[in-house]
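Chains as they are written, first to last, in my numbering: chain A, 33 to 367; chain B, 3 to 350. Virtual Cβ for every residue (Gly too), placed ideally from N, Cα, C. Model, not experiment: these values are computed from the prediction. Please read the structure below before turning to the comments.
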Amino acid sequence: MTPPPILRVRGLETSFATSGGLVRAVDGVSFDVGPGEAFGLVGESGCGKSATCRSIIGLLPGHATTAGAVEFNGQNLLAATPEAMRRVRGAEIAMVFQDPMTALNPVARIGDQVAEAVRAHQRVGHRAARARALELLRLVGIPAPERRLDDYPHRFSGGMRQRVVIAIALAGEPRILLADEPTTALDVTIQDQILTLLVRLQAELGMSVVLVSHDLGVVARVCQRVAVMYAGQIVEQGPVETVLGAPRHPYTIGLLASLPGIAGRARYLRPIPGAPPSLLDPPSGCRFHPRCPFATERCPTWAVERLPVGPDHDAACWRQEAIAEESRLAAVGTT
Amino acid sequence: MGNGAPPLVETRDLTMHFPLPSGLVDRLRGRPAEVVRAVDGVSLAIAAGETVGLVGESGCGKTTFGRCLVRLYEPTSGDLRFRGESLLGHDAAAVRRLRRSVQMIFQDPYSSLNPRKTVRAALSEVLRVHRICPEAEVPARVAGLLERVGLSAALADRYPRQFSGGQRQRIGIARALAVEPAFIVADEAVSALDVSIQAQVLNLLAQLQDDLGLTYLFIAHNLGVVRHIADRVAVMYLGTIVEVQAAATVFDQPLHPYTQALVRAIPTLDRGRAARPTTAAIEGDPPSPMAVPAGCRFHPRCPYAMPVCREVAPVLAPQPGGPAVACHLYPGQPAAAGAVSVNIGTGA
């Protein structure tokens, strides 16, 4: 028996009014996140993964509109009052952003910034908040944190700043941590340290994590389940091993084939032809059909739905059985 | 490598130091100005037709090294040779001749193209400045260059903003190709691109190399990209090269402890092996190039550091089978006793 999900996103639609028209950044996205589970949202620039993440916690700019439901704790967060959202943000669902350089106040001491976050969520005195800040900085692996409390952010490296940002996010003891490209600005060895920290915190605190990334490897490193997004929609969803090991949607298959350094050292990669569509005027039917090597005349009119593949694995492609068969035959042919 | 002909490009003990502006108080006290040792004695030979991948983390000096090779910077010391001929200390005319043979592709194709010039104007200018062809042939050349990089010649009269990121990078490549170079420094040329577009541009670079016999120095922080495109990989740490090895083997048998950490830190799709490890590949941050540790620069973070590592700077020493590594764990290193005088001649 799997426990009931802690977060249920249903038919989420997020649009931005722009001078060029309405951009449907997220168009009918549904997924569940289990308690203590790490869930990955992966896709290329503009696929709607960040907009999905920000819609959950209500951090969208003024020209955005949302529809659908984000169910958490028996309430629909999309319909919650600003007052109710303030109680959820930080205390129940916290968020870590990509750039640790801009997420911290450059003219406030690190200890004060973490303590401020503690006091925003708990009625504790100054001294207790500072003690808790020290604990949090130790939890996220700041070496000798008692000596760093009075330092300003510029004295911290990028990786250490991201640890501080995570400490601030943990101050309200959230049940869900949203992490939007938390390591994209960091070097590979520092990224490895931060991902290791996320895995450890998730296990130690029993927290759920929603990780947004363009990097399939990063998602595989941290997450148990993953949703692949394309042009505002989820095209495939399932356990990480299954989706990355036996992908069913042609976009996921193409994305994996585009990755350099994975499939041996073939001189030429097999990239997906063309470029992602404009969300002002997305293609009809399956949005991937103009770039899809498996497309037929039915794809431009197909009413997109996610079809079950296996246990907790679905893909939004009506030809997935035939494609899996073709791929199998092709694989046999090359060996 | 090693078949008699001189390497196409070679550096010997190349050094690029940037002095920092010093404060008045420091100057009155007679303190020497602080120096950023961005590139600190790099000897590297690149054979014609070869792709060398240069990897390392932010601030390791890989971009500075690339810029020295195309003479965007005047190196502080050392030698830079092209087809066996030294290029340093030459006049502007010689540098301009070099520019015809050595070109650079930048990371951000948007900021490296003039937004107010059409693609035709940008490419024509290059052809005229370097007198590549008679004026009458310029339009045909521009069309040929665009087709060469997979763009329709009909797009020549558009401005950079009218292209996608991948197309802009193709324009940047066309501009580099305009002067018919032999050697191209590609500095994070695909880093800003999405995976599906990145693969298209990597294929274009491979195609151009196959067709035109180009030589590349491919600078990247993404080891997957380097593994794919490079013949050999040079790993930089704090201004020095710590390992050079064939791309086919370096990811499976990295020798230097820093290379080992880099390879282990790559997030892999192979869940069987990666399976959410709970320890990081390496702890700590790289030190500042303003305060380079004595001895081996990596010793403060190295899990295998020995007493000798704190005192003696290792040299890049050839190993059986072809790789070279600068580490006291491997043969060919100076002994601790001679600590004072052995730290020279890495380019021998």
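Inset, instruction - Leaving out five residues on either side along the sequence, give the residues of the same chain with a beta carbon under 7 angstroms from the beta carbon of residue 299 (chain B). - result: To locate residue 299 (chain B), count along the second sequence from 1; it is residue 297. Taking C-beta separations shorter than 7 angstroms and ignoring five residues to either side along the sequence, the partners of residue 299 (chain B) in its chain run 239, 240 and 242, following chain order.
Legend entry - 8 angstroms CB neighbourhood of residue 292 (chain A) in its chain, flanking five on each side removed: Against the first sequence, residue 292 (chain A) aligns to sequence position 260. Here the set comprises 301.
Inset, instruction - Taking the CB atoms as reference points, tell me whether residue 240 (chain A) and residue 72 (chain A) lie closer together than 9 angstroms. - result: Position 208 of the first sequence holds residue 240 (chain A). Position 40 of the first sequence holds residue 72 (chain A). Contact flag unset, no.
Inset, instruction - May I ask you to report which of helix, strand or coil DSSP gives residue 205 (chain B)? - result: Here the question's residue 205 (chain B) lines up with position 203 in the second sequence. Helix.
Inset, instruction - In the DSSP assignment, find the unbroken alpha helix (DSSP H) run with residue 224 (chain A) in it and report its ends. - result: The residue you call residue 224 (chain A) lines up with position 192 of the first sequence. First-last of the alpha helix (DSSP H) with residue 224 (chain A): 220 to 237.
Inset, instruction - Flag residue 77 (chain A) as yes if its beta-carbon sits less than 9 angstroms from any beta-carbon of chain B, otherwise no. - result: Start at 1 with the first residue of the first sequence, and residue 77 (chain A) comes out as number 45. Nearest CB-CB separation between residue 77 (chain A) and chain B: below the 9 angstroms threshold.
Inset, instruction - Could you name the residues of chain B that residue 303 (chain A) contacts, counting a contact when the two beta carbons are closer than 9 angstroms? - result: As a position in the first sequence, residue 303 (chain A) is number 271, starting the count at 1. Going along chain B in sequence order, the residues near residue 303 (chain A) (Cβ under 9 angstroms) are 197, 198, 199, 200, 201, 202, 203, 204 and 205.
Inset, instruction - Grab me the residues of residue 194 (chain B)'s own chain with a C-beta within less than 7 angstroms of its C-beta, minus the 5 sequence neighbours each way, in chain order. - result: Here the question's residue 194 (chain B) lines up with position 192 in the second sequence. Result list for residue 194 (chain B): 109, 110 and 167, in chain order.
Legend entry - Length of the line joining the Cα atoms of residue 174 (chain B) and residue 292 (chain B): Here residue 174 (chain B) is taken as the residue at index 172 of the second sequence, counted from 1. Here residue 292 (chain B) is taken as the residue at index 290 of the second sequence, counted from 1. About 33 angstroms.
Inset, instruction - Measure the alpha-carbon distance for residue 147 (chain A) versus residue 53 (chain B) and round it to whole angstroms. - result: Mapped onto the first sequence, residue 147 (chain A) falls at position 115. Mapped onto the second sequence, residue 53 (chain B) falls at position 51. For residue 147 (chain A) and residue 53 (chain B), the distance between alpha carbons rounds to 51 angstroms.
Inset, instruction - Take the Cβ of residue 179 (chain A) as the centre, count every other Cβ of all protein chains shown within 10 Å, and call the residue buried at 16 or more, exposed below. - result: Reading the first sequence from its first residue, position 147 is the one you call residue 179 (chain A). Label assigned to residue 179 (chain A): exposed.
Legend entry - Reference residue 36 (chain A), options A:362, A:66, A:50 and A:57, closest by Cα: Here residue 36 (chain A) refers to the residue found at position 4 of the first sequence. Ranking the options by Cα distance to residue 36 (chain A), first place goes to A:66.
Inset, instruction - Could you tell me whether the stretch 14 to 34 of chain B touches the stretch 208 to 216 of chain B, using the rule of 3 or more Cβ pairs below 8 angstroms? - result: no
Inset, instruction - Figure out for me which residue from B:81, B:55, B:60 and B:64 has the closest Cα to the Cα of residue 289 (chain B). - result: Residue numbering aside, residue 289 (chain B) sits at position 287 when the second sequence is read from its first letter. Sorting B:81, B:55, B:60 and B:64 by C-alpha distance to the C-alpha of residue 289 (chain B) places B:60 at the top.
Inset, instruction - Would you give the residue range spanned by the alpha helix (DSSP H) that residue 117 (chain A) belongs to? - result: If you number the first sequence from 1, residue 117 (chain A) lands on position 85. From DSSP, the alpha helix (DSSP H) with residue 117 (chain A) extends over 114 to 120.
Inset, instruction - Kindly say whether residue 84 (chain A), judged by its beta-carbon, lies nearer than 9 angstroms to any beta-carbon of chain B. - result: Your numbering for residue 84 (chain A) matches position 52 in the first sequence. With 9 angstroms as the cut-off, residue 84 (chain A) does not count as an interface residue toward chain B.
Inset, instruction - Answer with yes or no whether the minimum CB distance from residue 279 (chain B) to chain A is below 9 angstroms. - result: Here residue 279 (chain B) corresponds to residue number 277 of the second sequence, with the count starting at 1. True, the Cβ-Cβ gap to chain A drops below 9 angstroms.
Inset, instruction - Kindly indicate if chain A contains any beta-carbon less than 9 angstroms away from that of residue 268 (chain B). - result: Mapped onto the second sequence, residue 268 (chain B) falls at position 266. Interface residue, yes.
Inset, instruction - Alpha carbon to alpha carbon, how far is residue 331 (chain B) from residue 359 (chain A)? Give it in angstroms, no decimals. - result: As a position in the first sequence, residue 359 (chain A) is number 327, starting the count at 1. As a position in the second sequence, residue 331 (chain B) is number 329, starting the count at 1. Cα-Cα distance, rounded: 46 angstroms.
Legend entry - Proximity of residue 332 (chain A) and residue 342 (chain A) at Cβ, strictly below 9 angstroms: For this step, residue 332 (chain A) is matched to residue 300 along the first sequence. For this step, residue 342 (chain A) is matched to residue 310 along the first sequence. For residue 332 (chain A) and residue 342 (chain A), no; Cβs fall outside 9 angstroms.
Legend entry - Reference residue 208 (chain A); option with closest CA among A:243, A:327 and A:189: As a position in the first sequence, residue 208 (chain A) is number 176, starting the count at 1. The option with the nearest alpha carbon to residue 208 (chain A) is A:243.
Inset, instruction - Confirm, please, whether the CB-CB distance from residue 354 (chain A) to residue 368 (chain A) is below 9 angstroms. - result: Given a span of 33 to 367 for chain A in the structure shown, any question on residue 368 (chain A) remains unanswerable.
Legend entry - Per-residue contacts from residue 225 (chain B) into chain A (C-beta, under 9 angstroms): The residue you call residue 225 (chain B) lines up with position 223 of the second sequence. Residues of chain A passing the Cβ test: 220 and 293.
Legend entry - Opposing strand residues paired with residue 340 (chain A) [DSSP bridges]: For the purposes of this step, residue 340 (chain A) is identified with residue 308 of the first sequence, where counting begins at 1. A:346, per the DSSP bridge assignment.
Inset, instruction - Give a yes or no on whether the C-beta atoms belonging to residue 141 (chain A) and residue 103 (chain A) are separated by under 9 angstroms. - result: As a first step, residue 141 (chain A) must be located in the first sequence, where it is residue number 109. As a first step, residue 103 (chain A) must be located in the first sequence, where it is residue number 71. No, these two residues do not count as a Cβ contact at 9 angstroms.
Legend entry - For residue 138 (chain B) and residue 190 (chain A), the rounded distance between their alpha carbons: Position 158 of the first sequence, counted from the first residue, corresponds to residue 190 (chain A). Position 136 of the second sequence, counted from the first residue, corresponds to residue 138 (chain B). Going by the C-alpha atoms only, they are around 53 angstroms apart.
Inset, instruction - Give me the Cβ distance between residue 84 (chain A) and residue 58 (chain A), rounded to the nearest whole Å; I'm assuming they're in contact under 8 angstroms. - result: Position 52 of the first sequence, counting from 1, holds the residue named residue 84 (chain A). Position 26 of the first sequence, counting from 1, holds the residue named residue 58 (chain A). Confirmed, about 5 angstroms.
Legend entry - DSSP three-state assignment for residue 274 (chain B), whether helix, strand or coil: For the purposes of this step, residue 274 (chain B) is identified with residue 272 of the second sequence, where counting begins at 1. Annotation note: pLDDT 46 at residue 274 (chain B) (below 50); position unreliable, no value reported.
Legend entry - Beta-carbon proximity check, residue 172 (chain B) vs residue 153 (chain B), cutoff 9 angstroms: Against the second sequence, residue 172 (chain B) aligns to sequence position 170. Against the second sequence, residue 153 (chain B) aligns to sequence position 151. Yes; because the gap between Cβ atoms is below 9 angstroms, this pair is in contact.
Legend entry - Residue environment, residue 296 (chain B), which counts as buried when at least 16 other CB atoms sit within 10 Å: For the purposes of this step, residue 296 (chain B) is taken as residue 294 along the second sequence, with counting starting at 1. Result: exposed.
Inset, instruction - Please go through the same chain and pick out, in chain order, the residues whose beta-carbon is closer than 7 angstroms to the beta-carbon of residue 229 (chain B), but skip the five residues on each side of it. - result: Translated into the one-based positions of the second sequence, residue 229 (chain B) becomes position 227. Counting only Cβ-Cβ distances below 7 angstroms, and skipping sequence neighbours, we find 249 and 253.
Legend entry - Element boundaries [beta strand (DSSP E), containing residue 284 (chain B)]: If you number the second sequence from 1, residue 284 (chain B) lands on position 282. Neither: residue 284 (chain B) is in no beta strand (DSSP E) and is coded neither H nor E.
Inset, instruction - Return the chain-ordered list of same chain residues with a C-beta closer than 7 angstroms to the C-beta of residue 255 (chain A), the five sequence neighbours on each side being excluded. - result: Position 223 of the first sequence, counted from the first residue, corresponds to residue 255 (chain A). Excluding its 5 nearest sequence neighbours in each direction, residue 255 (chain A) has C-beta neighbours in its own chain below 7 angstroms: 70, 71, 72, 243 and 272, listed in chain order.
Legend entry - Contacts of residue 60 (chain B) in chain A (Cβ-Cβ under 7 angstroms): Your numbering for residue 60 (chain B) matches position 58 in the second sequence. Simply 219.
Legend entry - Three-state secondary structure assigned by DSSP to residue 4 (chain B): To locate residue 4 (chain B), count along the second sequence from 1; it is residue 2. Residue confidence for residue 4 (chain B) is low, a pLDDT of 47 falling below 50, so the modelled location carries little weight and cannot support an answer.
Inset, instruction - Check whether the Cβ atoms of residue 201 (chain B) and residue 220 (chain B) lie closer than 9 angstroms to each other. - result: Against the second sequence, residue 201 (chain B) aligns to sequence position 199. Against the second sequence, residue 220 (chain B) aligns to sequence position 218. In this structure, residue 220 (chain B) does not lie closer than 9 angstroms to residue 201 (chain B) by Cβ.
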